[in-house]
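Okay, structure first, notes after.
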Amino acid sequence: MTDLSAMTAAELVAGYRTGAFTPLDATRAVLDTIEERDPAVNAFVRVDPDGALEQATASTERWRAGRPLGSADGVPTSVKDILWTAGLPTIRGTWLIDEAGPWPEDAPAVARLREAGAVITGKTTTPEFAWKGVTDSLRHGSTGNPWDPALTSGGSSGGAAAAVGLGMGPWALGTDGGGSVRIPASFTGTVTIKPTYGLVPLYPASPFGTLSHAGPMTRTVTDAAALLDVIAGFDSRDWSALPTPRTSFLTGLDDGVEGLRIGFSPTLGYVKNDPEVERLVRAAVVVLEAEGAQVDEVDPGFTDPVEAFDVLWFCGAAKVLDAYPAGAIDRIDPLLREGIETKGRGSAADYLDATAVRMDLGRLMGRFHETYDLLITPTMPITAFERGRQTPEGWPSPWWPSWTPYTYPFNMTQQPAASVPCGTTDAGLPVGLQIVGARHDDARVLRAARAYERASGEPFVRPVDNPRGAR
Numbered sequence: 001m002t003d004l005s006a007m008t009a010a011e012l013v014a015g016y017r018t019g020a021f022t023p024l025d026a027t028r029a030v031l032d033t034i035e036e037r038d039p040a041v042n043a044f045v046r047v048d049p050d051g052a053l054e055q056a057t058a059s060t061e062r063w064r065a066g067r068p069l070g071s072a073d074g075v076p077t078s079v080k081d082i083l084w085t086a087g088l089p090t091i092r093g094t095w096l097i098d099e100a101g102p103w104p105e106d107a108p109a110v111a112r113l114r115e116a117g118a119v120i121t122g123k124t125t126t127p128e129f130a131w132k133g134v135t136d137s138l139r140h141g142s143t144g145n146p147w148d149p150a151l152t153s154g155g156s157s158g159g160a161a162a163a164v165g166l167g168m169g170p171w172a173l174g175t176d177g178g179g180s181v182r183i184p185a186s187f188t189g190t191v192t193i194k195p196t197y198g199l200v201p202l203y204p205a206s207p208f209g210t211l212s213h214a215g216p217m218t219r220t221v222t223d224a225a226a227l228l229d230v231i232a233g234f235d236s237r238d239w240s241a242l243p244t245p246r247t248s249f250l251t252g253l254d255d256g257v258e259g260l261r262i263g264f265s266p267t268l269g270y271v272k273n274d275p276e277v278e279r280l281v282r283a284a285v286v287v288l289e290a291e292g293a294q295v296d297e298v299d300p301g302f303t304d305p306v307e308a309f310d311v312l313w314f315c316g317a318a319k320v321l322d323a324y325p326a327g328a329i330d331r332i333d334p335l336l337r338e339g340i341e342t343k344g345r346g347s348a349a350d351y352l353d354a355t356a357v358r359m360d361l362g363r364l365m366g367r368f369h370e371t372y373d374l375l376i377t378p379t380m381p382i383t384a385f386e387r388g389r390q391t392p393e394g395w396p397s398p399w400w401p402s403w404t405p406y407t408y409p410f411n412m413t414q415q416p417a418a419s420v421p422c423g424t425t426d427a428g429l430p431v432g433l434q435i436v437g438a439r440h441d442d443a444r445v446l447r448a449a450r451a452y453e454r455a456s457g458e459p460f461v462r463p464v465d466n467p468r469g470a471r
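Residue 1 is where the sequence shown starts when you use full-length UniProt numbering, and the numbers rise one by one after that.
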């Protein structure tokens, strides 16, 4: 039998439909792959083989009876250990949470997975409370990169990206408050989209407020669109949830980019890229031009909003600790504590000033999209660096936003932003292409990502198939 752990979700469902194999076969293959490959990268905090096999057995019976719940039925899927998952502890990378539970309730995206018949295999790693752009925590250790376990997978959805990259399930759920699905997608050569805020409901509400999104992490754009179909939709527990989409994100996915107006900003006007990153991203833009897009090299016209983002972010981080007894701050990641104490204790006026910067940025990008359908940038200015570090060696700042300048602005504006692999450096490390759309234009973002994926002629190669990959 073909290695089922190497298959995309679309390929698995096609096999279920024909009877070539079953969800039970696929789930066993994924669980075997987790057992074999996870020790090298530490992507999972908890695997649930008994629960996964029980779900897969039920799915197999539905397919055999000709009554599957839909195109997600039987697809092995992991969940970032930030999202509530009934029956499994949600530890959020911290010693402050007791895993004893009970754990009776699913987050909205997890509930949608269950309703669709997906097989939940386990929970993936996150830094403490998903606060930073690499994945390590005092409780669960660090997560490595599928292409080289000695390097970081990025974060905060680093476990999800590593799992997808190594064939430990074709689908994973991640969250993104400042780049947390896009950073690891870029570092691991995987695909993601941070959807428009509210398209995928969140409950409980994130302490980082309206910066936080949930989104799919996959190996192909088609799989990302299919997973977004499952998890998008209204949930009354989220006061800001958008209405359920009436059209599938797979509809028109292969329509291409001919005639689209694209603004390409290689630096946003203030970022310095690794030369190989810039070379690969420029080459990707040429591919989109050849597909018929009208591309102008243009900056959107804002300066780095990092100071405002820091106020919003670390005020949220400070709020996290309000739920815990006195002294909790002494038990958390030391750098998180420093960020809270130095950046998260501002006044209400400071917070309102940061919100005003955010509103101005959103207005500017709204006007930008009156001219341009999409904005393209690098996802990251650098490639993956040493595992266990907070920043690249010799970096001038200890704070993660200093090396993720392309991601957090679009959490502030709540726009959809995808990352799709656009090649590897001479050292064999992936680079990501970020595609940003106007709010509510998620389908167009996915369409452009798919157009590049199809035209680039570079189908996804699992990192494990690379000589440097984790084995």
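The beta-carbon is built from N, C-alpha and C at its ideal position, and this holds for glycine as well. Predicted model, so just to flag it, every value in this text is computed and none were measured.
- In this structure, DSSP gives residue 434 an extended state, which the three-state scheme calls strand.
- Look at residue 168 here: in three-state DSSP terms it is coil, with no helix or strand label.
- Beyond the five residues adjoining it in sequence on each side, residue 97 comes within less than 7 Å, by CB distance, of 91 in the same chain, given in chain order.
- Exposed is the label assigned to residue 367, since fewer than 16 other Cβ atoms lie within 10 Å of its Cβ.
- In the DSSP assignment, the residues bridged to residue 46 are 123.
- Scanning the stretch 75-123 from its first residue to its last, the whole beta strand (DSSP E) runs of 3-plus residues come out as 76-80.
- Under the three-state reduction of DSSP, residue 326 is assigned to coil, being neither helix nor strand.
- In this structure, DSSP gives residue 185 a helical state, which the three-state scheme calls helix.
- Between the C-alpha atoms of residue 38 and residue 149 there is a straight-line separation of about 10 Å.
- Secondary structure of residue 250 (DSSP, three-state): coil.
- For residue 420, the enclosing beta strand (DSSP E) stretches over residues 417-424.
- Taking 8 Å as the upper bound for CB-CB distance, residue 99 and residue 89 are in contact here, some 4 Å apart.
- DSSP, reduced to helix, strand and coil, places residue 261 within a strand of the structure shown.
- Less than 8 Å divides the Cβ of residue 287 from the Cβ of residue 456.
- With fewer than 16 other beta carbons inside 10 angstroms of its own, residue 61 counts as exposed.
- DSSP links residue 294 through a beta bridge to 261.
- As a beta-bridge residue in DSSP terms, residue 191 pairs with 218.
- Taking C-alpha positions only, residue 188 is separated from residue 441 by approximately 26 Å.
- By the CB criterion at 8 Å, residue 215 and residue 200 fall inside the cutoff.
- For residue 409, the enclosing alpha helix (DSSP H) starts and ends at 409-412.
- Following the DSSP letters along the chain, one finds residue 340 inside the alpha helix (DSSP H) bounded by residues 334-343.
- Taking 8 Å as the cut-off, the Cβ atoms of residue 406 and residue 284 do not count as close.
- Here the alpha carbons of residue 415 and residue 315 stand approximately 22 Å from one another.
- Restricted to the stretch 6-70, the beta strand (DSSP E) segments that are unbroken, complete and at least 3 residues in length are 44-47, listed in chain order.
- In this structure, the beta-carbon distance from residue 128 to residue 77 does not fall below 8 Å.
- Approximately 6 Å separates the beta-carbon atoms of residue 217 and residue 190; this is inside 8 Å, confirming the contact.
- Taking a C-beta distance under 8 Å as the contact criterion, residue 152 and residue 159 do not qualify as a contact pair.
- Per DSSP, the unbroken alpha helix (DSSP H) holding residue 355 starts and ends at 348-371.
- Put simply, the backbone Cα of residue 229 is about 36 Å away from that of residue 353.
- Judged by their CB atoms, residue 56 and residue 119 are nearer to each other than the 8 Å cut-off.
- No Cβ-Cβ contact shorter than 8 Å links residue 125 with residue 47.
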